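Asker: In the working numbering, the protein residues as written are 9 to 384.
Glycine residues also receive a C-beta, built at the ideal position from the N, C-alpha and C atoms.
Just so we're clear, the structure is a prediction, and the values are computed from it rather than from any experiment.
The structure's right below; bear with me while I get my questions together.
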């Protein structure tokens, strides 16, 4: 395994503390292979089924909850059938488990026993859960006001949960600075190269669940963009092996209040009148991998869009009426699908997958405040 900087092409040998290039850019695991049916572990029906695609091999992954292959179910938006990938059923309740499990095992194998992470909630909960399973000390830095469901979950796992007043970027800085005096290792899921490698598994699962085909469209909330990055890399490996004949179009959905990907993708300076949004998981003003992920999405012939708070609320209500209890951040994906259908960017004849990135139980306080509006 090698790390590479996509900005200056400098390569590195991995080390537990290594998260960024000397040029300041985020590092990636250097692609070395494709992925095909022959790489599947046939008698394995957990995430380890795809472990031949991971930089850490199956026998080195000792800390897990036998993470499941999450369901791909059917729903409707605007009368159009869609597919719903239920990553809310991951062990700690969000897609972040996919990345956290690889990072924790890598560090555990290197004798690391203390970590620090910054998170808007789900990433911290995921790291805290796997750290508890691996008997590691865990310090999670979150924005002040983070949903109680997420911080409670993190604390129950035994992690130290430190609330920071300021922007999401201020929280990341606090987590990084803490490692200088505390003796822990920074594992921010927005920076740590191995995290993205774990997220690739969502592409392999959807490929199998769609009958060894890629869907036409893949629609997700976009905060730091790790889900888009992982999906792009996973589907690219399938394309390289000839298992699929095209990439799905990738669509990242942001709130109107916080839309840096939309701005960069469209090369426009959109006036932001408020940074408030119920989609707290994507309230991020600058991704550490923004440039690369914009190019991934552009290369897939997809795009970034933004949706209003009202559209997010309507999607939350619509998904709830079909039995899906999702957090508001996840609802942005389905608000995005409704918008893309309305504009004709995608159509009813195409196979469209939306991802439930986090369980509604993580945001019950926010949903409770909205409930009277949602059920009218």
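1) Give me, in chain order, the residues of the same chain whose beta-carbon lies closer than 6 Å to that of residue 277; leave out the 5 immediate sequence neighbours on both sides.
2) With H, G and I counted as helix, E and B as strand and the rest as coil, what does DSSP make of residue 78?
3) Only counting the same chain, and skipping five residues up and downstream in sequence, which positions put a Cβ closer than 7 Å to that of residue 312?
4) Counting only runs that start and end within the segment 227–282, where is the alpha helix (DSSP H) found for 4 or more residues in a row?
5) Can you give me the start and stop residues for the alpha helix (DSSP H) that residue 209 sits inside?
6) Alpha carbon to alpha carbon, how far is residue 317 from residue 68? Give it in angstroms, no decimals.
7) Compute the beta-carbon to beta-carbon distance between residue 338 and residue 365, rounded to the nearest angstrom, for a pair I have assumed lies under 8 Å.
8) Run through DSSP, which three-state label would residue 157 get?
9) Kindly list the residues whose CB is nearer than 7 Å to the CB of residue 120, restricted to its own chain and excluding five residues on each side of it in sequence; keep chain order.
10) Would you call the segment 130–143 and the segment 293–301 in contact, with 3 or more CB pairs under 8 Å?
11) Whose CA, out of 203, 167, 151 and 113, lies closest to the CA of residue 181?
12) Taking residue 197 as the reference, give the member of 380, 52 and 26 with the closest Cα.
13) Classify residue 32: buried if its beta carbon has 16 or more other beta carbons within 10 angstroms, exposed otherwise.
14) Looking only at C-alpha atoms, which of 162, 189, 186 and 153 sits nearest to residue 175?
15) On a CA-only basis, which of 178, 37 and 81 is nearest residue 126? Give me that one, please.
16) Report all residues from its chain with a CB closer than 6 Å to the CB of residue 78; omit the five preceding and five following residues, and keep chain order.
17) One question on the structure: do residue 202 and residue 226 come within less than 8 Å of each other, judged by their Cβ atoms?
18) Spell out the partners DSSP gives residue 89 in its beta bridges.
19) Return the CA-CA distance between residue 45 and residue 251, expressed in angstroms with no decimal places.
20) Put residue 94 into one of helix, strand or coil per three-state DSSP.
21) I need the straight-line Cα distance from residue 275 to residue 300, nearest angstrom please.
22) Nearest-angstrom Cα distance between residue 333 and residue 20?
23) Compute the Euclidean distance between the alpha carbons of residue 10 and residue 375, then round it to the nearest angstrom.
24) Output the distance between the C-alpha atoms of residue 158 and residue 130, rounded to the nearest integer angstrom.
25) Relative to the alpha-carbon of residue 378, which residue among 320, 367 and 148 has its alpha-carbon at the smallest distance?
26) Once DSSP output is grouped into helix, strand and coil, what is the label at residue 185?
27) When we look at the beta-carbon of residue 100 and count the other beta-carbons within 10 Å, is it buried (16 or more) or exposed?
28) Given a cut-off of 8 Å, decide if residue 140 and residue 107 are closer than it, judged by their beta-carbon atoms.
29) From the DSSP output, in three-state form, read off residue 290 for me.
30) Pairs of beta-carbons, one from the segment 109–120 and one from the segment 349–358, closer than 8 Å: are there three or more?
31) Going by C-alpha to C-alpha distance, which of 103, 246 and 236 sits closest to residue 222?
32) Please name the residue in 346, 340, 50 and 104 whose C-alpha comes closest to that of residue 208.
33) In the segment 318–359, which residue ranges form an unbroken alpha helix (DSSP H) of at least 4 residues, counting only runs that do not cross its ends?
34) DSSP on residue 312, reduced to helix/strand/coil?
35) Thinking just about the alpha-carbon of each residue, which of 144, 183 and 128 is nearest to the one in residue 371?
36) Counting only the same chain and skipping the five closest in sequence on each side, list residues whose C-beta sits under 7 Å from that of residue 234.
Answerer: By the coordinates alone:
1) none
2) coil
3) 230, 260, 262, 269, 270, 273 and 305
4) 234–249 and 268–274
5) 209–217
6) 44 Å
7) 5 Å
8) helix
9) 24 and 193
10) no
11) 151
12) 26
13) exposed
14) 153
15) 178
16) 94, 95 and 97
17) no
18) 84
19) 8 Å
20) strand
21) 15 Å
22) 42 Å
23) 43 Å
24) 7 Å
25) 320
26) helix
27) buried
28) no
29) helix
30) no
31) 246
32) 104
33) 336–351
34) strand
35) 128
36) 107, 197, 198, 203, 204 and 207
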